[in-house]
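Asks: Letter by letter, the sequence shown follows residues 0 to 280 in numbering that gives the first Met the number 0.
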Amino acid sequence: MPELDAAAHFLRERAQGHAVARVDLASFSVLKTADPPYTDLVGKEITGVGRRGKFLLVHCQDLVLAVHLARAGWLRWHATAPKSAVRPGRSPLALRVVLDTGAAVDVTEQGTKKGVAAYVTTDPDSLPEIATLGPEAAELSLEELAEILAGTGSRLKTVLTDQSVMAGIGNGFSDDILHAARLSPYATAKGLEADETARLHVAISEVLGQAAEAMSGQSLDRIKEVKHAGYRVHARTGLPCPVCGSDIAEVSFAEKSLQYCPTCQTGGRRLSDRRMDRLLK
Numbered sequence: 000m001p002e003l004d005a006a007a008h009f010l011r012e013r014a015q016g017h018a019v020a021r022v023d024l025a026s027f028s029v030l031k032t033a034d035p036p037y038t039d040l041v042g043k044e045i046t047g048v049g050r051r052g053k054f055l056l057v058h059c060q061d062l063v064l065a066v067h068l069a070r071a072g073w074l075r076w077h078a079t080a081p082k083s084a085v086r087p088g089r090s091p092l093a094l095r096v097v098l099d100t101g102a103a104v105d106v107t108e109q110g111t112k113k114g115v116a117a118y119v120t121t122d123p124d125s126l127p128e129i130a131t132l133g134p135e136a137a138e139l140s141l142e143e144l145a146e147i148l149a150g151t152g153s154r155l156k157t158v159l160t161d162q163s164v165m166a167g168i169g170n171g172f173s174d175d176i177l178h179a180a181r182l183s184p185y186a187t188a189k190g191l192e193a194d195e196t197a198r199l200h201v202a203i204s205e206v207l208g209q210a211a212e213a214m215s216g217q218s219l220d221r222i223k224e225v226k227h228a229g230y231r232v233h234a235r236t237g238l239p240c241p242v243c244g245s246d247i248a249e250v251s252f253a254e255k256s257l258q259y260c261p262t263c264q265t266g267g268r269r270l271s272d273r274r275m276d277r278l279l280k
């Protein structure tokens, strides 16, 4: 959530009030809708840029370009659009929107596994991918959060990152939120005591709020750098916990990992890491 809000702010300052002059697709697979066609964006004035969950929403009068950046996607701003033609498959570029000012914004994706998606719609709430999102995590009251937790036996890590339960928290910030709340990522949601739920509610607000403040006003090429520099435990395996000094531990999965402090979060107990367990056998 914080990095997309910062990106939306950046684009509002530079693109809002200007018209779309051209849309170039470098990867046709990124476009998930056909009606209305993406070419209908041309000539439309950008009237706003916002966010819903992990979707960036570019409002172009009666149309909306909704972009999900997935795990490896991001944005690149050009004060002057590159003159070279867009060639599919030749670069991380997925989509380019050129403005009537001559500036352009690219949607890019690193790596071979493609997850970035773009939708052109008259109503973003009608898209199944957005319609199924839960409430915004940062907007939940304590009572609403308690009701969500009481209704599931899933682990906290899963609950925080399940966008259908609550929207806007990714893998990295979920680690930092659980650390700030002094809760195990493996704790069962409906098993939390009232004071633990209260700590989690405060941690969601504080961690996301502090990150948003740090990223506010940053350029697109700096937002990710500021995000990673601000992590407390995420991606800091083996480094000292900023609270107690203990080594930060990790649990690895097929495509991602979580980090936590055994002293602050699990009473000194290290969580089982099946991948590491197999390596040690």
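Even glycine gets a Cβ: it sits at the ideal position worked out from N, Cα and C.
With respect to 7 Å, is the separation between the Cβ of C243 and the closest non-hydrogen atom of the ligand FMN below this value?
Replies: In the structure on display, the ligand FMN does not appear, and there are no ligands present to speak of.
Asks: Any idea what DSSP makes of E2, helix, strand or coil?
Replies: Position 3 of the sequence shown, counted from the first residue, corresponds to residue 2. Three-state DSSP puts E2 in a helix.
Asks: To the nearest angstrom, how far is it from the Cα of R277 to the Cα of S251?
Replies: Translated into the one-based positions of the sequence shown, residue 277 becomes position 278. Translated into the one-based positions of the sequence shown, residue 251 becomes position 252. Low confidence applies to R277: its pLDDT is 39, below 50, so where it sits in the model is not reliable enough to give any reading.
Asks: Mind checking who R221 pairs with in its DSSP beta bridge?
Replies: Taking the first residue of the sequence shown as position 1, residue 221 is located at position 222. None, per the DSSP bridge assignment.
Asks: Taking 8 Å as the threshold (C-beta atoms), are L126 and L166 in contact?
Replies: Position 167 of the sequence shown, counted from the first residue, corresponds to residue 166. Position 127 of the sequence shown, counted from the first residue, corresponds to residue 126. Note that residue 166 is Ala in the sequence shown, not Leu. No. Outside cutoff.
Asks: With H, G and I counted as helix, E and B as strand and the rest as coil, what does DSSP make of P261?
Replies: Position 262 of the sequence shown, counted from the first residue, corresponds to residue 261. Helix at P261.
Asks: Using DSSP with H/G/I as helix, E/B as strand and the rest coil, what is I203?
Replies: For this step, residue 203 is matched to residue 204 along the sequence shown. It is helical.
Asks: What would DSSP say about S28, mapped onto helix, strand or coil?
Replies: For this step, residue 28 is matched to residue 29 along the sequence shown. In the structure shown, S28 sits in a helix (DSSP, three-state: H, G or I).
Asks: Buried or exposed for L279, going by 16 or more other Cβ atoms inside 10 Å?
Replies: In the sequence shown, the residue the question calls residue 279 occupies position 280. Because the pLDDT at L279 is just 29, under 50, the model does not fix this residue reliably, and the value given afterwards should be weighed accordingly. Classification of L279: exposed, given that the 10 Å Cβ count is below 16.
Asks: What separation, rounded to the nearest whole angstrom, lies between the Cα atoms of S271 and A211?
Replies: As a working note, residue 271 is residue 272 in the sequence shown. As a working note, residue 211 is residue 212 in the sequence shown. If I take the Cα positions, the gap works out to 33 Å.
Asks: Taking only three categories from DSSP, how would you classify V41?
Replies: Counting from 1 along the sequence shown, the entry for residue 41 is found at position 42. Coil, per DSSP.
Asks: Thinking C-beta only, is T100 closer than 8 Å to H17?
Replies: Position 18 of the sequence shown holds residue 17. Position 101 of the sequence shown holds residue 100. Contact: yes.
Asks: By how many angstroms is the C-alpha of R70 removed from the C-alpha of E108?
Replies: Here residue 108 corresponds to residue number 109 of the sequence shown, with the count starting at 1. Here residue 70 corresponds to residue number 71 of the sequence shown, with the count starting at 1. Approximately 9 Å between the Cα atoms of the pair.
Asks: For the alpha helix (DSSP H) containing A166, name the first residue and the last one.
Replies: Taking the first residue of the sequence shown as 1, we reach residue 166 at position 167. Premise fails: A166 is in no alpha helix (DSSP H) and is neither H nor E.
Asks: Rounding to the nearest angstrom, what Cα-Cα distance links M275 and L182 in this structure?
Replies: The sequence position of residue 275 within the sequence shown is 276, counting from 1. The sequence position of residue 182 within the sequence shown is 183, counting from 1. Bear in mind that a pLDDT of 44 at M275, under 50, signals an unreliable position, so the number given afterwards is only what the model happens to contain. In a straight line, the C-alpha of M275 is about 22 Å away from that of L182.
Asks: Residues bridged to V250 by DSSP?
Replies: Looking up residue 250 in the sequence shown gives position 251. According to DSSP, which records beta bridges pairwise, V250 is partnered with L257.
Asks: Put P134 into one of helix, strand or coil per three-state DSSP.
Replies: Working through the sequence shown from its first residue, we reach residue 134 at position 135. Three-state result, P134: coil.
Asks: What do you get for C263, buried or exposed, if any count of 16 or more other CB atoms within 10 angstroms of its CB means buried?
Replies: To locate residue 263, count along the sequence shown from 1; it is residue 264. Its Cβ being crowded by 16 or more others within 10 Å, C263 is buried.
Asks: Give the secondary structure of H67 by DSSP, where H, G and I count as helix, E and B as strand, and everything else as coil.
Replies: The residue labelled residue 67 in the question sits at position 68 within the sequence shown. Looking at H67 - three-state DSSP - the assignment turns out to be strand.
Asks: Using only CA atoms, which one of I222, R221, G244 lies nearest to V232?
Replies: For this step, residue 232 is matched to residue 233 along the sequence shown. Considering only alpha carbons, the answer is G244.
Asks: With a floor of 3 residues, list each beta strand (DSSP E) that falls wholly inside the region 82 to 114, ordered by position along the chain.
Replies: Segments of the beta strand (DSSP E) lying fully in the region 82 to 114: 92 to 98, 103 to 108.
Asks: What are the partner residues of P239, as DSSP defines its beta bridges?
Replies: Your numbering for residue 239 matches position 240 in the sequence shown. Beta-bridge pairing links P239 to D246.
Asks: Within this structure, are the beta carbons of A103 and L55 separated by less than 8 Å?
Replies: Taking the sequence shown and counting its residues from 1, the one referred to as residue 103 is at position 104. Taking the sequence shown and counting its residues from 1, the one referred to as residue 55 is at position 56. Going by C-beta atoms, A103 is not nearer than 8 Å to L55.
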